[in-house]
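Number 31 in full-length UniProt numbering belongs to position 31 of the sequence shown; there are no gaps in the numbering. The beta-carbon is built from N, C-alpha and C at its ideal position, and this holds for glycine as well. Everything numeric in this text was worked out from a predicted model, so none of it was measured.
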Amino acid sequence: MRVPRVGALAIGLLCLAILFFIVLRFRTPHSPVAAVESPMVTQLQGHFVVREGSPLEKRLIIQEVASVSRGHGLVLPAQIMTAPDRQVNVYAPVTGRITGVSVHLGQKVHRGQVLATIAAGDLDQAWADDTRARATLDFARRAYTRAQGVQAIGGNAVKDLESARNDLAQAQAEAERTQRRLQVLGARPGYSSQGQAPLISPVDGVVSMTTMAPGENITDPTAIQMTVLDLSEVWIAAAIPQDNLAQINNDNVLSVRFDEFPGRTCSGRVVSFDPALHTDTRRVNAYIACPNTDGALRPGMFVDATLNVPQGNDIIIPKTALLMNNDQVSVFVEVAPRIFQRRDIVISYDEGDSVRVLKGLSAGERVVTSGAILLNDD
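Next up, the structure:
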C-alpha cells in the first residue's frame, strides 16, 4: 500500500514544479504606465478648444479686425494710344508732281523740317501775285507821299489826296493777302526760284504713315500725304465695364504698370471718358496722360491699369485667414481665450493680399490669420 502513496506524492510534487515554472516564465516586473497626453485641440459643442501651452497655440496668429475705408483697386485692360492733339495729318498745300521725299517711315522729324518737295504751278502764280502786289504797294506809297506834299502847298484838291490814300490802303491789303497765301502754301525763298513747294512738318515727332513717292502726282489737296506722331506724351485708354460706371468720376486715380519696362509706372487723375459705350464690349474708356520723353512707350501696347474706386467702410482681412470648403468661405473666430468657432463669411474684391468681408464678421472680433488650417477638421 506504500507504493501508491509514494506515487501520489511524486505526482503532486511534479504539479507544483510545473506551476512554479509557469509562474516564473510569464511573470515580468511591472513597468510604470506612460501618462497619456491630452490632444492639442478638442471639440466641445461646436467650438474648438486649444490646449494651453501646446505647440498649436504657439503657431496660431490672431488679429482683431477693424472696419476701414480703403479704395478698391479695379484692375482693367488698357492700351497705349497717341494723344489726340499730338497726331498730325500732313496735307499737300498745292497740287502738283512730287519731286523729292526727304524722310521715311519711322523717322524722327522736327518742326519746320522739309518732308518733301512738290513742283506746283499754283505756287508760281502765288509768287507772281506777291511780286506784283509789293510793286503796287511801293508805287501807291510813293504816290500818297507825293500827294501829301502837293496838298501842303495847295497845289491839288483834297479829293486827290483821299484818292491816293485809298489806293495805298488797297495796295496794302493786296500785299498782305498775297503774303498770307504764300504762308499757306509753305513757300520758302530757297525753293521759289525752282518753282517748288516744300511740305513742312508742323511738329516734332515720328513719321507713322506716308503715301508719297517721287514722280507721283498729287491731284487731291484733301488727301493725307503723311502722319506725324508726337510721342513725348501718350495716353492710356483703360476699358471700364458698364457695371462699374456708377463708381467712376474725374476724381478717380488711374495707375499703370509697364511689365516690359520693370519699375516704370504712371499714374494720374482721369483726363476724360468716352461719351458712349463701345457696343461690342459694353465698356467705356477712361484716359490719363503719361510722359514719354524717351519714346519707349509705343501706341498699341497692351498694359494693365488699376483704377482706384472709393469705397465705404469695410472689414478687410488677410487671405491667409480664409478656409475654403467647396464654394463656402469661412474663418476661425476666437470667442474666448483658446476657444474658436468656425464661421462662414461672404467676401468681395481681392485687395492684393487681403479681401473685403461683406457679411459674417464685425469690427472688434478676433480672427485667426495664420495657422487656421491646423484647426480645420475638414
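Check the Cβ-Cβ distances between residue i and every residue of chain C, and say whether any is below 8 angstroms.
i: A147; result: Among the protein chains of the structure shown there is no chain C, as only one such chain exists.
Is residue i near residue j, with beta carbons less than 8 angstroms apart?
i: Q341; j: V329; result: no
i: N292; j: S232; result: yes
i: I240; j: I80; result: no
i: L323; j: N252; result: no
i: A83; j: A305; result: no
i: A213; j: I98; result: yes
If you reduce the DSSP assignment to three classes, tell me which class residue i lands in.
i: D294; result: coil
i: V33; result: Its pLDDT being 45, under 50, V33 is placed unreliably by the model, and nothing is read from it.
i: L185; result: coil
i: G205; result: strand
i: D85; result: helix
i: G121; result: helix
i: Q328; result: strand
i: G149; result: helix
i: D167; result: helix
i: R264; result: coil
i: V253; result: strand
i: T99; result: strand
Report the option in the options whose CA atom is closest to the CA atom of residue i.
i: I316; options: D327, N285 and S348; result: S348
i: L374; options: A92, Q113 and T42; result: T42
i: G325; options: P318, R177 and V346; result: Before going on, a small fix: residue 325 reads as Asn here, not Gly. Checked all of P318, R177 and V346; the closest Cα to N325 is V346.
i: T131; options: V68, V150 and A171; result: A171
i: G100; options: A223, L185 and V114; result: V114
i: R298; options: A321, Y287, A336 and V234; result: V234
i: R86; options: D204, R269, T219 and G312; result: D204
i: R356; options: V65, P275 and V206; result: V65
i: A135; options: P202, E174, D160 and R146; result: E174
Taking just the CA atoms, how far does residue j sit from residue i?
i: H47; j: I339; result: 6 angstroms
i: W127; j: D259; result: 55 angstroms
i: V33; j: I62; result: Only weak support exists for where V33 lies, its pLDDT of 45 falling under 50; the value from the coordinates is given anyway. Distance between the alpha carbons of V33 and I62 is about 38 angstroms.
i: V50; j: M40; result: 6 angstroms
i: L161; j: E176; result: 23 angstroms
i: I153; j: A140; result: 20 angstroms
i: V103; j: L182; result: 23 angstroms
i: H72; j: P275; result: 24 angstroms
i: N250; j: S272; result: 7 angstroms
i: P202; j: M226; result: 11 angstroms
Going by beta carbon distance, what residues of the same chain come within less than 7 angstroms of residue i, once the five residues before and after it are set aside?
i: F261; result: A296
i: A321; result: V331, V367, V368, T369 and A372
Less than 8 angstroms between C-beta atoms, sequence neighbours within five positions excluded: which residues of the same chain meet that for residue i?
i: Q242; result: L277, R282, R283 and V284
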